[in-house]
Every structure is written in structure tokens, then in C-alpha cells.
Amino acid sequence: MPTILSRAAAAAALAVTALGAFAYAPDKPRAELEAAYPGQYRSVDGVRLRLRDTGPRDGEAVILLHGFCASLDTWEPWARALSARYRVIRFDLPGFGLTGPDPSGDYTDARQVKILADLMDGLGVARATLIGNSMGGRIVWTFAALHPDRVTRMVLVSPDGFASPGFAYDRAPETPLLMRALPWVAPAGLLKAGLAAAYGRPETLSDATLARYRDLLMAPGVRQAIVDRMSQAILHDPAPTLARIEVPTLLLWGEKDGVIPIANAAAFQRALPHATLVRLPSLGHVPFEEDPVASFDPLRRFLSGDPPAGTRTASARLPGAVRATTRTP
-3 MPTILSRAAA AAALAVTALG AFAYAPDKPR AELEAAYPGQ YRSVDGVRLR
47 LRDTGPRDGE AVILLHGFCA SLDTWEPWAR ALSARYRVIR FDLPGFGLTG
97 PDPSGDYTDA RQVKILADLM DGLGVARATL IGNSMGGRIV WTFAALHPDR
147 VTRMVLVSPD GFASPGFAYD RAPETPLLMR ALPWVAPAGL LKAGLAAAYG
197 RPETLSDATL ARYRDLLMAP GVRQAIVDRM SQAILHDPAP TLARIEVPTL
247 LLWGEKDGVI PIANAAAFQR ALPHATLVRL PSLGHVPFEE DPVASFDPLR
297 RFLSGDPPAG TRTASARLPG AVRATTRTP
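For what it's worth, our numbering labels the leading residue of the sequence shown as -3, then goes sequentially.
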């Protein structure tokens, strides 16, 4: 499974070691973090989820699932914009943010799908548009295949699923040595290098964004949960599962994605019968953070049933995909 931290580990190892970044660092106090990063809390299948539920309660539901090492906060600009019209639900997936570790120790996709279904039940949401980034995208399309009656449409932002170079199907990836040390250290240099790799324009990565990722990485139990999750990240060929999905699908992909390359989009287009791809020039793996305005426009059009002019569907494959326009810094 491609991840922000594991892809940066080799490149950053010497630098962070030289800087003494691997000194022991304890977890940050939960009370301090909850004050800095507010949210609502709800128990779902034994897990205390941090969530935010905004927008009109009678509006169409939109649920956002973040990627590896992220949190619900990653969606803030999009969530604010969507909340004017939609009921917007986002939460820290188990093992991340202020949800923290799953007491069951189970971080498989099957467990994530069950938690999402149970959360929807608890919130009275029968159907929703699902939006997922990276690992969250993989959970979204897995859920859509298993619960087609509960998904109105889906948006996959640089989704995980197809094995990239260095990863194989049907077996857990080897956890890098640096990652196994994560529960005891505060790898600021490694985290910064990893996040920079997720941006098409690393110079736009703000100190505030970096601080948020680091703070929530230091939440109680999160670092160990990340290591546990990596050992359970067994990918299977997603094509047969994706082929079962019939809901309208938007694929959003940054052309400079350094975590999951845009070349993977072609495989998703071949497998998804109702997919539309929008390429985002100059943006990376988390376009909703890097340029929330430019990346939001194709989403807005898709949700309103008005796709960007010239957009091609899956039959056109990657070369015919529409290119969104991004702002210069």
C-alpha cells in the first residue's frame, strides 16, 4: 500500500538521523489535542470516532474519508464549501487522528467498511455520496461494491487499490525498519519529506499543515496503530470488485502525484464502467489541501450533474481525460 511515510522513508532516513529526529518522544496529551482540534464523538462498534457533521440535516449526505496518516481536518476547505448545500460527514478513521486505535486491533478493509456502515446507520443516513482519498478511496470503492444500495455516487481522489511498483497482491508489505520505530519517536524530518512528496508544489506546504499532521500523529496510540495497520495492508486485485460498481464515479488525480502515480488512473478507468477522470495539472496526492479552489470545481460540477466541458468517460481511457485548470501560487 503506497503511503506518505513509507515512500519517503528511504530518501529521508539519513537526513532525519543526522538531525537527531529519532529521539524518544511520548504521545501528546489527549485533552490538549482535543482542545486544539475540536470535533464530535460517537461510539461505533466499540470505537470512539471523532467526527464532524455539518450542513443541513435534511440535505443530501456526503461522507468524506481521508487517506493514510491524515484526519478529518484534511477536508476542511471542501467541507466548508459543501456544507452550504449538503449534509457533510467526515471522521477520523480508526488508528488515525483523535479517533485513535481500534480496541479490536483490526484495521482491515472489511472492518473499515463495517464501521462506515454502522456510522451511517447511527446517523440515520440511508444513502450518501462517498468521497475518499488514497486509502480512504479504497475503502469507498470497497464499500460501494458491497453496499450498492447505500451509495448515490462516489468520488475517488488519487485512490489506492492497484499495486504500484514495490507492492504485490495477496501478501502484506514488509514494514520498513524506520516505520517499526515510529511508536517511540517523533520523525519531524521524515514527516515533512513525506508530505512534500504528496504535494505537486512542495513550496505550498504550510507550517500550519505540517504542525497539524505532526500533532495528530502524536495522539495517544496512533503511531503504534499505524504500524499495526501497515502489517495488515494486504491488497488483492481490485478489478473484479470495481467492475461490480455501477454508480457514477469521478476520478480526481493530480498529474504530479508522487505517492500513487496518475498512471494508475488507467487501470481504474478500465475497471470502473461509469468513471470520469479529471486530471489536475501541477497538483499532487492531496489536491484538496494543495489547491482547494481548483480541485473543488470539478467536484462541484460532478455533484450538480454538470461535468466539465469535454470530460470523457471510461471508454476514452486516460489520454482523453479532461484537464482542470489550477491557480498559480
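Just so you know, even glycine gets a beta-carbon here, dropped at the ideal spot from N, CA and C.
Exercise. Just checking my contact of residue 239 with residue 267 at CB under 8 Å: how many whole Å lie between their CB atoms?
Worked result: 6 Å
For this session: Would you mind listing the beta strand (DSSP E) stretches within the region 72 to 145 that are 3+ residues and don't spill past its ends, in chain order?
Result: 83 to 87, 124 to 129
Exercise. Shortest alpha-carbon distance to residue 298 belongs to which of 115, 148, 32, 136?
Worked result: Comparing Cα positions, the closest option is 148.
Problem set entry | Contact set for residue 77: own chain, Cβ-Cβ below 7 Å, skip 5 residues either direction | Here the set comprises 292.
For this session: May I have a chain-ordered list of the beta strand (DSSP E) segments no shorter than 3 residues that lie completely inside the region 204 to 280?
Result: 245 to 250, 271 to 276
For this session: Look up residue 69 in the DSSP assignment and say whether it is helix, strand or coil.
Result: Helix, per DSSP.
Exercise. So what does DSSP say about residue 23, is it helix, strand or coil?
Worked result: The three-state secondary structure of residue 23, taken from DSSP, is coil.
For this session: In the DSSP assignment, find the unbroken alpha helix (DSSP H) run with residue 330 in it and report its ends.
Result: The first residue shown for the chain is -3 and the last is 325, placing residue 330 beyond what the model contains.
Exercise. Residues bridged to residue 147 by DSSP?
Worked result: 124
Problem set entry | Own chain residues within Cβ distance below 7 Å of residue 244, not counting five before or after | The residues are 149, 270.
Problem set entry | residue 273 versus residue 152: straight-line alpha-carbon distance, rounded | 9 Å
Exercise. Measuring CB to CB, does residue 228 end up less than 8 Å from residue 104?
Worked result: If you check the CB distance, residue 228 and residue 104 come in under 8 Å.
Exercise. What first and last residue would you give for the beta strand (DSSP E) that runs through residue 60?
Worked result: 57 to 61 is the extent of the beta strand (DSSP E) around residue 60.
Exercise. If we ignore side chains and look at the alpha-carbon of each, how far apart do residue 17 and residue 195 end up?
Worked result: Model confidence at residue 17 stands at a pLDDT of 48, short of 50, so the residue's coordinates are unreliable; what they give is reported in the following sentence. Whole-angstrom Cα-Cα distance: 22 Å.
Exercise. By DSSP, does residue 186 sit in helix, in strand, or in coil?
Worked result: helix
Problem set entry | CA-to-CA distance, residue 83 to residue 120, given in whole angstroms | Cα to Cα, residue 120 sits roughly 12 Å from residue 83.
Exercise. Whose C-beta lies closer than 7 Å to the C-beta of residue 67 among residues of the same chain, with five residues either side of it excluded?
Worked result: 88, 92, 93, 212
Exercise. Where residue 154 and residue 21 are concerned, what is the direct C-alpha to C-alpha distance, given to the nearest angstrom?
Worked result: Straight-line Cα distance between these residues: approximately 32 Å.
Exercise. Start and end of the beta strand (DSSP E) containing residue 43?
Worked result: 43 to 50
Exercise. Excluding the five sequence neighbours on either side, which residues of its own chain have a C-beta within less than 7 Å of the C-beta of residue 235, listed in chain order?
Worked result: The answer, listed in chain order, is 267.
Exercise. So, do the region 185 to 194 and the region 95 to 104 have three or more beta carbon pairs nearer to each other than 8 Å?
Worked result: no
Problem set entry | Counted within 10 angstroms of its Cβ, other Cβ atoms place residue 132 as buried (16 or more) or exposed | buried
For this session: Would you list the one or two residues that DSSP bridges to residue 153?
Result: 129, 248
For this session: Kindly confirm or deny that the region 245 to 254 and the region 273 to 291 touch, where touching means at least three C-beta pairs closer than 8 Å.
Result: Yes, since at least three Cβ pairs between the region 245 to 254 and the region 273 to 291 fall closer than 8 Å, the two stretches touch.
For this session: Use the C-beta contact count for residue 36: other C-beta atoms within 10 angstroms, 16 or more gives buried, fewer gives exposed.
Result: exposed
For this session: Determine the extent of the beta strand (DSSP E) in which residue 40 is found, giving its start and end residues.
Result: 36 to 40
Problem set entry | From 60, 34, 98, residue whose alpha carbon lies closest to that of residue 43 | Shortest Cα-Cα distance from residue 43 to any of 60, 34, 98 involves 98.
For this session: Could you name the residues of the same chain whose beta carbon sits closer than 6 Å to that of residue 139, not counting the 5 residues immediately before and after it, in chain order?
Result: 109, 112
For this session: Look at the Cβ atom of residue 62, then the Cβ atom of residue 165, and state whether they are nearer than 8 Å.
Result: no
Exercise. Who are the near neighbours of residue 260 in its chain, counting only those whose CB is closer than 6 Å to its CB and skipping five residues on each side?
Worked result: 158
For this session: Give the straight-line distance between the Cα atoms of residue 130 and residue 222, rounded to the nearest whole angstrom.
Result: 15 Å
For this session: Check whether the region 24 to 39 touches the region 197 to 211, taking contact to mean three or more Cβ pairs, one atom from each stretch, closer than 8 Å.
Result: Touching, yes.
Exercise. Roughly how many angstroms separate the alpha carbons of residue 75 and residue 122, rounded to a whole number?
Worked result: 20 Å
Exercise. Smallest Cα separation from residue 29: which of 207, 248, 200?
Worked result: 207
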